[in-house]
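Residue numbers are given in numbering that gives the first Met the number 0: position 42 of the sequence shown equals residue 41, and the series is strictly consecutive.
Virtual Cβ for every residue (Gly too), placed ideally from N, Cα, C.
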Amino acid sequence: MQLKTARCERTDRKVLLSKGFFVAYPGTGELSFISVDAPEQHGDYWIAVKDIVKSPEALVDWMAHLNEKPWFNAKKFADFFTRFRKENNFFGSL
């Protein structure tokens with residue numbers, strides 16, 4: 000299995016997807032992908048990619064947890080992953 004990389008949206012560098020973080024901005028509900036060494040921004044709400052894919056239960060727990068947040072926007076969430084897949088060519092990964 001080839002390890003995939005993705006572009007950090009703060010540093011513009013390619014990093015291993017498994018070493019990155021998904022970050023939500025509670026003020027806007029927008030999401031992004033960042034590397035471990037990306038500069039932090041006030042209000043970052045992040046989770047390590049490795050933590051949400053370690054088990055099906057972890058993914059379910061994270062999705063339900065996000066849905067409980069008053070700032071969570073399902074449309075922006077789906078739009079982020081659609082854009083992220085396209086920008087990083089993650090088609091056919093299932």
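Between which two residues does the beta strand (DSSP E) holding E56 run? Your numbering for residue 56 matches position 57 in the sequence shown. Run containing E56: none in the beta strand (DSSP E); it sits in the alpha helix (DSSP H), 55–66.
For the beta strand (DSSP E) that R6 lies in, which residues bound it at each end? Mapped onto the sequence shown, residue 6 falls at position 7. Segment 4–6, the beta strand (DSSP E) holding R6.
Assuming G42 contacts F32 under a Cβ cut-off of 8 Å, what Cβ separation, rounded to an integer in Å, is found between them? In the sequence shown, residue 42 corresponds to position 43, counting from 1. In the sequence shown, residue 32 corresponds to position 33, counting from 1. In fact, because the Cβ distance is near 17 Å, the residues do not count as touching under 8 Å.
Please state the DSSP three-state secondary structure of L16. As a first step, residue 16 is located in the sequence shown; it is residue number 17 there, counting from the start. Three-state DSSP puts L16 in a helix.
Give me, in chain order, the residues of the same chain whose beta-carbon lies closer than 7 Å to that of L16; leave out the 5 immediate sequence neighbours on both sides. Your numbering for residue 16 matches position 17 in the sequence shown. Once the five neighbours on either side are set aside, the close Cβ partners of L16 are K3, T4, A5, V48.
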